[in-house]
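Residue numbers (full-length UniProt numbering): 1 to 165.
Shown next, in structure tokens, is the structure this report addresses.
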């Protein structure tokens, strides 16, 4: 069980702080819920996440060693590029949903390399791929920045340098 003050990654909302743990009643059923506050919360959003959820929506924030391994991943090739856009989106989202940060970093590496390649050829990067990449950057890159206590922009710059090599 998490504790108040813990930092976690919550599905598509990104990094959240556990602000409280309390009983809530919905539909006549009382359960224990985490009250989660997104770290970069500009809308004063509070998420109520069941403590006993069977879904893998909540992950503990990575440690420093894991964050460094994530960054190192960008010096490698990434995952295989899939030519068919719908299959690529489905397969890459499946990797994201599994929550393995090293595999997610490999997807990001592949997308960053493909973006660089298409821009060098004077073509436009796919909108679907761009959205997927932005989602990864908003969550994974921010998590790495928080764990390593570095500005987000420095993490992005370091990753861009590794991809460009």
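Don't be surprised by glycine CBs; every beta carbon is placed ideally from N, CA and C.
In this text the structure is predicted, and so the values were computed from the model without any measurement.
Assignment of residue 123 by DSSP, reduced to helix, strand and coil, places it in the coil class. Note: residue 49 is bridge-paired with 34 in the DSSP secondary-structure output.
Counting only residues of its own chain and dropping the five nearest sequence neighbours on each side, residue 6 has a CB closer than 6 Å to the CB of 18. With contacts defined by Cβ atoms closer than 8 Å, residue 109 and residue 141 do not form a contacting pair. In the DSSP annotation of this structure, the continuous segment of the alpha helix (DSSP H) that includes residue 158 starts and ends at 152-164. With contacts defined by Cβ atoms closer than 8 Å, residue 47 and residue 15 do not form a contacting pair. The residue from 98, 102, 122, 92 with its alpha-carbon nearest to that of residue 111 is 92.
For residue 148, the enclosing alpha helix (DSSP H) has its first and last residue at 142-148.
Exclusion of the five residues before and after residue 31 leaves 50 as the residues of its chain whose Cβ lies within less than 6 Å of its Cβ.
Residue 80 carries a coil assignment under DSSP once its states are collapsed to helix, strand and coil. Taking each of 132, 24, 40, 129 in turn and checking the Cα distance to residue 9, the smallest one comes out for 40.
For residue 22, the closest alpha carbon among the candidates 162, 36, 11 is that of 36. When DSSP states are grouped into helix, strand and coil, residue 39 belongs to the coil group. Three or more beta-carbon pairs drawn from the stretch 142-161 and the stretch 61-70 are found closer than 8 Å, and the two stretches are therefore classed as touching.
Between residue 136 and the set 159, 26, 2, the nearest pair of CA atoms involves 159.
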